[in-house]
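Chemist:
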Ligand SMILES: [Zn+2]
């Protein structure tokens, strides 16, 4: 996804989400609105006129139906107007290859996939790229809302928020459900971060937000646990910046830490509400750390897991030397007073918010049958 053109927005839709961040450049806005989706049916065989791409599109549709059958409205709507165009390599592509060794082989902008014809020699890779673009198609409401991205108009022109998370989650879904080709180089950092956020939100709900093009509700969800909207804005914008020249590995470390902190707040709150006990808390935390290790990165700068024959040892700056064996906690040597103190620091209001959330999840469940 690169550029979107056209589409007017009404500036009164915008709400300032965060004003006084530590750095002035981070002042920004999101649209405080969730897109309204209508139920859309489609008999896909009526719209398959793509010759060599028909089989990929059919395969995509089958997998979408199998894994996300309640999230097909935008696919059903957009496939009816999809265009797939070849284009020739141009000067900018050659420049990109010369500079970075690679080139964006396909892009999706509203209802149109454009790909570079002369590069389609590796069929399997191209199939994977097409699946990625079809995921963009399946999560695009209009020019304003797509995936976790919002396009906003400012006095300085249009801006995008959430594009990094959109790319990371799109490629995560692609690798997990659709093309099943591990592409370690494609948005790897964004995938790691999107996976961390997905664990906080839960797979089903994260997919609902994505296919509903609903960044606002994703932010609201994170806001249950992270009360400081500046932090959430920092996080979303930080992921956007990963794929730019501003990228540094220190920023990447910081983003992983931010996500892990929100997850820890969630777990601590669940523990405080007796939804999980100490063992479950440690187990979840362990699995969360292990997830980062499995994705090929450290959980945070100061944490690592050492795998022994019979157990894992987590070395953490705060909770030193946690020993963990499969599903059973063998030994927990953390300073328990410190843990207790952390739990007491959670404000009572968070507890009531979670209750509200559990309640509203129930009603959401009923409403999403659209
Ligand atoms: Zn993309």
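In our numbering, the protein residues as written are 4 to 373.
Ideal Cβ placement from N, Cα and C applies to all residues, glycine included.
Please report the straight-line C-alpha distance between residue 45 and residue 141, rounded to a whole angstrom.
Modeler: As a working note, residue 45 is residue 42 in the chain shown. As a working note, residue 141 is residue 138 in the chain shown. Each residue's alpha carbon lies about 13 Å from the other.
Chemist: With DSSP as the reference, label residue 162 as helix, strand or coil.
Modeler: For the purposes of this step, residue 162 is taken as residue 159 along the chain shown, with counting starting at 1. Residue 162 falls in the strand class under three-state DSSP.
Chemist: In this structure, what does DSSP give as the bridge partners for residue 113?
Modeler: Numbered from its first residue, the chain shown carries residue 113 at position 110. Answer by DSSP bridge pairing: none, since residue 113 is not bridged.
Chemist: Excluding five sequence neighbours on each side, which residues of the same chain lie with their C-beta closer than 7 Å to the C-beta of residue 154?
Modeler: Against the chain shown, residue 154 aligns to sequence position 151. So the list reads 7, 146, 147, 161 and 163, once near-sequence residues are dropped.
Chemist: Output the boundary residues of the alpha helix (DSSP H) element that contains residue 87.
Modeler: Taking the chain shown and counting its residues from 1, the one referred to as residue 87 is at position 84. Element bounds for residue 87: not the alpha helix (DSSP H) but the beta strand (DSSP E), 86-90.
Chemist: Our contact map puts residue 238 next to residue 203 with C-beta atoms below 8 Å; I'd like the distance itself, whole angstroms only.
Modeler: One-based indexing of the chain shown puts residue 238 at position 235. One-based indexing of the chain shown puts residue 203 at position 200. The Cβ separation is near 11 Å, so there is no contact.
Chemist: Spatial neighbours of residue 99 within its chain, please: CB distance less than 8 Å, with the 5 preceding and 5 following residues excluded, ordered by chain position.
Modeler: For this step, residue 99 is matched to residue 96 along the chain shown. Around residue 99: 105, 106 and 107.
Chemist: Does the CB of residue 71 have a neighbour CB from chain D at under 8 Å?
Modeler: Looking for chain D here will not work: only one protein chain is present.
Chemist: Have a look at 244, 74 and 151 and flag the residue whose alpha-carbon is nearest the alpha-carbon of residue 34.
Modeler: Locating residue 34 in the chain shown gives position 31, counting from the first residue. Here the closest residue by C-alpha is 151.
Chemist: Considering residue 260, what are the terminal residues of the alpha helix (DSSP H) in which it resides?
Modeler: On the chain shown, residue 260 is found 257 positions in, with the first residue counted as 1. Per DSSP, residue 260 belongs to the alpha helix (DSSP H) from 252-275.
Chemist: Between the Cα of residue 52 and those of 37, 86, 70 and 38, spot the shortest distance and give me the residue it belongs to.
Modeler: One-based indexing of the chain shown puts residue 52 at position 49. The candidate whose alpha carbon is nearest that of residue 52 is 86.
Chemist: Whole angstroms are fine: how far does the CA of residue 294 sit from the CA of residue 55?
Modeler: The residue given as residue 55 occupies position 52 in the chain shown. The residue given as residue 294 occupies position 291 in the chain shown. Whole-angstrom Cα-Cα distance: 38 Å.
Chemist: Can you check DSSP and say which residues form a bridge with residue 153?
Modeler: The sequence position of residue 153 within the chain shown is 150, counting from 1. The partner list for residue 153 (beta bridge, DSSP) reads 148 and 164.
Chemist: If you compare alpha carbons, which of 270, 180, 212 and 112 is closest to residue 69?
Modeler: The residue you call residue 69 lines up with position 66 of the chain shown. The option with the nearest alpha carbon to residue 69 is 180.
Chemist: How long is the line joining the alpha carbons of residue 88 and residue 242, rounded to whole angstroms?
Modeler: Taking the chain shown and counting its residues from 1, the one referred to as residue 88 is at position 85. Taking the chain shown and counting its residues from 1, the one referred to as residue 242 is at position 239. Answer to the nearest angstrom: the Cα atoms are 30 Å apart.
Chemist: Pull the bridge partners of residue 178 from the DSSP assignment, please.
Modeler: Sequence index remark: in the chain shown, residue 178 carries index 175 (1-based). In DSSP, residue 178 forms no bridge with anything.
Chemist: Whose CA, out of 73, 144 and 209, lies closest to the CA of residue 168?
Modeler: Position 165 of the chain shown, counted from the start, is the residue given in the question as residue 168. Residue 168 has its Cα closest to that of 209, out of 73, 144 and 209.
Chemist: Ligand 1 and residue 379: does any heavy atom of the ligand fall closer than 7 Å to the residue's C-beta?
Modeler: Here the chain comprises residues numbered 4 to 373, so residue 379 is not present and cannot be evaluated.
Chemist: Under the rule that 16 or more other beta-carbon atoms within 10 Å means buried, what is residue 78, buried or exposed?
Modeler: Your numbering for residue 78 matches position 75 in the chain shown. It is buried - the Cβ of residue 78 has at least 16 other Cβ atoms within 10 Å.
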